[in-house]
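Engineer: The structure follows.
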Amino acid sequence: MSIKKILLFVLLLLAAYIGVYITVFGIKGYLMYWGTERDLNIMNPGELQRNLNVKGSVETTLGELGRDHITNSVFGIPVGKNTLRYYFLIPLGYEEDIKEQKYAVLAADRPEDVELLKSLDKSLPAPLDPNAPRFEFSGIVMDITPTIRTNMYNKLWEIYDTEFNIYTHKNVNGNLIPYTIYVKSGEERGNLTAIIVGGAVTLASLTAFIILAVATYKKKHRYY
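Numbering (this note's numbering), first residue to last: 460 to 683.
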């Protein structure tokens, strides 16, 4: 067998591997982002958990907790544009006794979503108002990052510490729910494209590999 033909076999197998990887990546993303959505506004805060799909509305944000740049990548290679994601502290519902109030983090990257969330900023949780402007969304719950969790502590201490003390702070562990709700931006639909493209690449590569293997076998054994 010639070196060129061996290289062709290797390239076809590599293409099939890449196709399988893209397909599996797309399937995982599709299953994660397109599960049944729970209504955040009627859920008990303790029910939040990783990879849970939620929908709901927010009419109060309590400040920005940070921002970061995000870029999709395949095999470590950046794909698509760089996006700036913002993190906001949000109250989960409203409790008259502020000591019982629970909080989580909401992250968004579409500029129009970010601007609306900024416009809902208040200094303290407020009673729910059916006539108030609100941000409606679908999202997925993920673990909070260490940096955002630290910023969450700092923001809650601003709310709960009546007298700032550099050495001691109120214990707010019982008030925070350690999850970030990532607002779906529509980019998640690329998972379906990944499944289609990955499947097509895999099928085409394996078909070409089989045809080439059969042709090589027949030629070697003089079937024609």
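C-beta atoms are modelled at their ideal positions from N, C-alpha and C, and glycine is treated no differently.
Rounded to the nearest angstrom, what separates LYS464 and THR675 at their Cα positions?
Structural biologist: Here residue 464 corresponds to residue number 5 of the sequence shown, with the count starting at 1. Here residue 675 corresponds to residue number 216 of the sequence shown, with the count starting at 1. If I take the Cα positions, the gap works out to 9 Å.
Engineer: Rounded to whole angstroms, what's the CA-CA distance from ASN613 to LYS643? Just pull it up for me.
Structural biologist: Counting from 1 along the sequence shown, the entry for residue 613 is found at position 154. Counting from 1 along the sequence shown, the entry for residue 643 is found at position 184. Those two C-alpha atoms are separated by around 27 Å.
Engineer: Have a look at TYR638 and ILE669 and give me their C-alpha separation to the nearest angstrom.
Structural biologist: Stepping through the sequence shown from its first residue, residue 638 is reached at position 179. Stepping through the sequence shown from its first residue, residue 669 is reached at position 210. Rounded to whole angstroms, TYR638 to ILE669 spans 48 Å at the Cα level.
Engineer: Taking C-beta to C-beta, are SER664 and GLY478 nearer than 8 Å?
Structural biologist: The residue you call residue 664 lines up with position 205 of the sequence shown. The residue you call residue 478 lines up with position 19 of the sequence shown. Taking 8 Å as the Cβ cut-off, SER664 and GLY478 qualify as a contacting pair.
Engineer: Starting from ILE599 and walking both ways along the beta strand (DSSP E), at which residues does that stretch end?
Structural biologist: Position 140 of the sequence shown holds residue 599. Counting along the chain, the beta strand (DSSP E) containing ILE599 begins and ends at 594 to 602.
Engineer: Let me confirm a value: VAL660 is counted as buried when at least 16 other C-beta atoms fall within 10 Å, else exposed. Which label applies?
Structural biologist: Here the question's residue 660 lines up with position 201 in the sequence shown. VAL660 comes out buried.
Engineer: For LEU615 versus ASN630, is the C-beta distance shorter than 8 Å?
Structural biologist: Sequence index remark: in the sequence shown, residue 615 carries index 156 (1-based). Sequence index remark: in the sequence shown, residue 630 carries index 171 (1-based). Against a cut-off of 8 Å, the Cβ pair of ASN630 and LEU615 comes out as no contact.
Engineer: Please report how far the alpha carbon of LEU521 lies from the alpha carbon of ASN512, in whole angstroms.
Structural biologist: The count along the sequence shown starts at 1 and reaches residue 521 at position 62. The count along the sequence shown starts at 1 and reaches residue 512 at position 53. Whole-angstrom Cα-Cα distance: 23 Å.
Engineer: Pick from GLY657, ARG544, VAL517: whose alpha carbon is nearest that of ASP527?
Structural biologist: As a position in the sequence shown, residue 527 is number 68, starting the count at 1. Nearest C-alpha to ASP527: ARG544.
Engineer: So for LYS514, helix, strand or coil by DSSP?
Structural biologist: In the sequence shown, residue 514 corresponds to position 55, counting from 1. Strand, per DSSP.
Engineer: Excluding sequence positions up to five away, which residues of its chain have a Cβ less than 7 Å from the Cβ of LEU524?
Structural biologist: Here residue 524 is taken as the residue at index 65 of the sequence shown, counted from 1. Excluding positions up to five away in sequence, the list reads TYR546, PHE547, LEU548, VAL564, ILE607, ASN610, MET611, LYS614.
Engineer: How long is the line joining the alpha carbons of ALA474 and GLY657, rounded to whole angstroms?
Structural biologist: Mapped onto the sequence shown, residue 474 falls at position 15. Mapped onto the sequence shown, residue 657 falls at position 198. So the alpha carbons of these two residues sit roughly 10 Å apart.
Engineer: Under 7 Å Cβ to Cβ from LEU499, same chain only, skipping five residues before and after it: list those, please.
Structural biologist: For this step, residue 499 is matched to residue 40 along the sequence shown. So the qualifying residues of the chain are VAL513, LYS514, GLY515.
Engineer: Since VAL642 sits in a beta bridge, which residues does DSSP pair it with?
Structural biologist: The residue labelled residue 642 in the question sits at position 183 within the sequence shown. GLY598, per the DSSP bridge assignment.
Engineer: Within this structure, are the beta carbons of ASN553 and ALA585 separated by less than 8 Å?
Structural biologist: The sequence position of residue 553 within the sequence shown is 94, counting from 1. The sequence position of residue 585 within the sequence shown is 126, counting from 1. The amino acid occupying residue 553 in the given sequence is Tyr; Asn does not appear at that position. Their beta carbons are under 8 Å apart, which means TYR553 touches ALA585 by this criterion.
Engineer: With a Cβ-Cβ cutoff of 8 Å, do ASP568 and THR542 count as a contact?
Structural biologist: Within the sequence shown, the letter at position 109 stands for residue 568. Within the sequence shown, the letter at position 83 stands for residue 542. Their beta carbons are under 8 Å apart, which means ASP568 touches THR542 by this criterion.
Engineer: One question on the structure: do PHE468 and VAL517 come within less than 8 Å of each other, judged by their Cβ atoms?
Structural biologist: Reading the sequence shown from its first residue, position 9 is the one you call residue 468. Reading the sequence shown from its first residue, position 58 is the one you call residue 517. It is not a contact, given that the beta carbons lie outside the stated cut-off.
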